[in-house]
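Report on the structure given below.
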Amino acid sequence: MEVRRERLRGQPAHVDADALRVRSLNAHQLLRGADLEGANRPAHLHGTELDESELERYVHERVLTTTLESTVAWARSNSFFPLAFGLACCAMEQFHTAGSRMDIARFGFEAFRASPRQADLIILAGRVSIKMAPIIRRLYDQMLEPKWAISMGACCSSMGVFNNYALVPADKFLPIDVHVPGCPPRPESLMHGILKLRKMVQDDPDLGWRDRYQARGTEEVIGEGDTPDVVDARGAAAAAVNAGVDARPAQDTPGA
Amino acid sequence: MPDATGLELIAQELREAEGEGAVIETTFFRARGSVEIDPARVRSVLARLRERGYSFLASVHGVDYYPHEPRLGVHYELLDMARVDRITVKLRVRSERPEVDSVTEEGPDGPGWPTADHQEREVYDMFGVVFRGHRDLRRILMPEDYEGHPQRRDFPVGGEPVAFTFNERETLGPM
Chain P
2 MEVRRERLRG QPAHVDADAL RVRSLNAHQL LRGADLEGAN RPAHLHGTEL
52 DESELERYVH ERVLTTTLES TVAWARSNSF FPLAFGLACC AMEQFHTAGS
102 RMDIARFGFE AFRASPRQAD LIILAGRVSI KMAPIIRRLY DQMLEPKWAI
152 SMGACCSSMG VFNNYALVPA DKFLPIDVHV PGCPPRPESL MHGILKLRKM
202 VQDDPDLGWR DRYQARGTEE VIGEGDTPDV VDARGAAAAA VNAGVDARPA
252 QDTPGA
Chain U
123 MPDATGLELI AQELREAEGE GAVIETTFFR ARGSVEIDPA RVRSVLARLR
173 ERGYSFLASV HGVDYYPHEP RLGVHYELLD MARVDRITVK LRVRSERPEV
223 DSVTEEGPDG PGWPTADHQE REVYDMFGVV FRGHRDLRRI LMPEDYEGHP
273 QRRDFPVGGE PVAFTFNERE TLGPM
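These protein sequence lines are chains P and U, in that order.
Numbering-wise, the numbering used here puts 224 at position 223 of the first sequence, and it's gapless, one number per residue.
Numbering-wise, the numbering used here puts 204 at position 82 of the second sequence, and it's gapless, one number per residue.
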């Protein structure tokens with residue numbers, strides 16, 4: 002796609018609202034494939050006639066079509082908010098991932114959050130003891146959907162050298178999306194794991210842990226009883242429209 | 123460190139003060155001296171060693187001598203910080219009734235050692251030695267509802283088979 006930046010010739014310094022309105026209507030018609038006749042045609046189309054295939058190509062080259070789902074997945078996957086949370090030696094490597102040498106801010110994951118309410122990615126960096134597991138599960142439950150979990154290192158993936166009475170593997174109490182092997186994994190490995198997760202979220206947003214663990218229908222839904230003091234503005238507007246009253250704010254008219 | 127002769131002098135002094143059965147054995151190995159004492163006299167023996175200058179209780183830890191009886195042991199590492207001198211006091215109790223006097227609190231038979239508080243809790247947690255007179259003897263590392271004392275040598279090591287991709291269904295069951 003060609004991207005051009007140039008000053009518009011003959012453009013007056015001040016454009017009044019009517020001219021802007023005409024231009025935006027033209028753009029709408031152009032995208033709809035309507036005939037471009039008359040004086041309202043854009044300046045760079047003067048003197049050319051676009052038939053159907055050329056018009057189609059014109060629109061194709063200038064418009065990116067996508068679905069809302071994939072756009073949302075793209076936005077989510079490029080800005081995970083990891084939970085600032087470490088369990089053992091792997092946490093040192095996790096800190097290093099956010100440090101200046103590795104600099105995970107290059108990919109947009111640098112906003113480590115101290116509260117699970119603001120995080121959507123939990124990185125289990127270290128060994129999980131049976132006393133710690135319910136606390137981690139509670140942290141995970143406090144995170145808002147959509148949320149992901151990475152199991153970092155041998156200990157919380159497979160219990161590693163501590164395969165004994167004290168530890169519990171992360172798969173037993175959390176739906177893990179990506180396991181990062183290593184003891185401990187180097188920061189590059191963790192970054193590779195996070196990028197794998199990004200790829201997963203971008204390519205297949207439906208294949209989350211709810212599908213893999215057959216947990217559809219267990220989402221937490223906030224009902225009206227949970228928020229009695231919140232005024233439902235959209236609901237009130239819809240009710241007003243149904244009753245025949247225009248709930249929108251009255252527009253200022255020049256004569257008023 | 124007390125040398126071998128110094129260790130015998132300390133043991134002799136303890137025997138004279140506490141009775142002939144107070145010191146069961148002395149060991150001098152790799153420049154470290156240790157005395158094994160009668161478990162009933164642990165508080166007074168530690169108090170006498172404190173008077174000799176061993177005023178800091180550096181560590182309390184448990185030992186399991188399985189399958190020998192008396193099976194469970196408690197070691198007290200004492201440090202004389204003025205002379206930089208250490209001595210180990212050991213005792214052993216039978217596994218059917220593993221009870222020792224706590225040395226944490228001050229009492230009529232000697233001053234207290236506050237550092238022993240959490241370490242006695244750890245020995246109780248890991249080996250099941252009950253310290254009489256400890257004011258807050260509960261588990262410190264394992265969960266409160268945990269059953270058993272995991273550092274005993276007849277306790278199963280535990281662990282579980284690891285679920286890799288190739289044996290995921292056998293390990294975790296059908297998904």
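Backbone N, C-alpha and C fix where the C-beta goes; we use that ideal spot for every residue, glycine too.
- Minimum Cα-Cα distance from Gly250/U among the listed residues Pro283/U, Arg193/U and Met203/U corresponds to Arg193/U.
- At a C-beta separation below 8 Å, Lys132/P has these neighbours in chain U: Leu263, Met264 and Pro265.
- Remark: C-beta atoms of Ser217/U and Phe253/U do not approach each other more closely than 8 Å.
- Annotated three-state conformation of Val73/P is helix, per DSSP.
- Here DSSP, grouped into helix, strand and coil, assigns Ser158/P to helix.
- For Leu196/P, the enclosing alpha helix (DSSP H) begins and ends at Pro188 to Asp204.
- In this structure Asp121/P does not touch Ile151/P by the C-beta definition: roughly 12 Å separates them, more than the 8 Å allowed.
- Minimum Cα-Cα distance from Leu201/U among the listed residues Arg214/U, Pro189/U and Phe178/U corresponds to Phe178/U.
- Taking C-beta atoms as the reference points, Arg137/U and Asp231/U fail to come closer than 8 Å.
- Taking 4 residues as the shortest admissible run, the region 80-110 of chain P contains the following complete alpha helix (DSSP H) segments, listed from N- to C-terminal end: 91-99.
- Separation of the CB atoms of Val196/U and Val182/U is rounded to 7 Å, and the pair is thereby assigned contact status at 8 Å.
- Residue-level contact check: Gly155/U does not touch chain P, since none of the beta carbons of chain P fall below 8 Å from its beta carbon.
- Per DSSP, reduced to three states, the secondary structure at Thr287/U is coil, with no helix or strand assignment.
- Judged by their CB atoms, Gly161/P and Ala126/P are not nearer to each other than the 8 Å cut-off.
- Residues of the region 279-293 of chain U that bring their beta carbon within less than 8 Å of a beta carbon in chain P comprise Val279, Gly280, Gly281, Glu282, Val284, Ala285 and Phe286, in sequence order.
- Pro117/P is not a Cβ neighbour of Leu88/P, given a cutoff of 8 Å.
- Leaving aside the five residues that flank Glu227/U on each side, the residues in its chain whose CB is nearer than 7 Å to its CB run, in chain order, Gly234, Gly255 and Arg257.
- Boundaries of the alpha helix (DSSP H) harbouring Glu173/U: Val164 to Glu173, taken from the DSSP string.
- Annotation note: the region 117-158 of chain P contains the following uninterrupted beta strand (DSSP E) runs of length 3 or greater, listed N- to C-terminal: 122-126 and 149-153.
- In the structure shown, the three-state DSSP call for Phe249/U is helix.
- No residue range can be given for Val225/U, since it is assigned to no alpha helix (DSSP H) and is classified by DSSP as neither H nor E.
- Residues of the same chain with their beta carbon placed closer than 6 Å to that of Arg174/U are lacking, with the five preceding and five following residues left out of the count.
- Arg114/P places its beta carbon less than 8 Å from that of Phe82/P.
- Identification of chain U residues near Met160/P by a Cβ-Cβ cut-off of 9 Å yields Gly281, Glu282 and Val284, ordered along the chain.
- Per the C-alpha coordinates, the member of Val202/P, Leu21/P and Val181/P positioned closest to Met192/P is Val181/P.
- Its Cα nearest to that of Gly184/U, the residue Lys212/U stands out among Arg170/U, Thr127/U and Lys212/U.
- Using a CB distance below 7 Å, the part of the region 134-165 of chain P facing chain U consists of Ser159, Met160, Asn164 and Asn165, ordered along the chain.
- Taking a Cβ-Cβ cut-off of 9 Å, the neighbours of Pro272/U in chain P comprise Asn165, Tyr166 and Ala167, given in sequence order.
- Here Arg216/U carries a coil assignment [DSSP, helix/strand/coil].
- In this structure, the straight-line span from the alpha carbon of Gln134/U to that of Glu199/U is close to 19 Å.
- Annotated as distal: Arg128/P and Phe174/P, with beta-carbon spacing of 8 Å or more.
- Judged by their CB atoms, Leu263/U and Glu282/U are not nearer to each other than the 8 Å cut-off.
- Secondary structure at Glu191/U: coil, using DSSP grouped into helix, strand and coil.
- Taking each of Ser159/P, Ala167/P and Pro176/P in turn and checking the Cα distance to Asn289/U, the smallest one comes out for Ser159/P.
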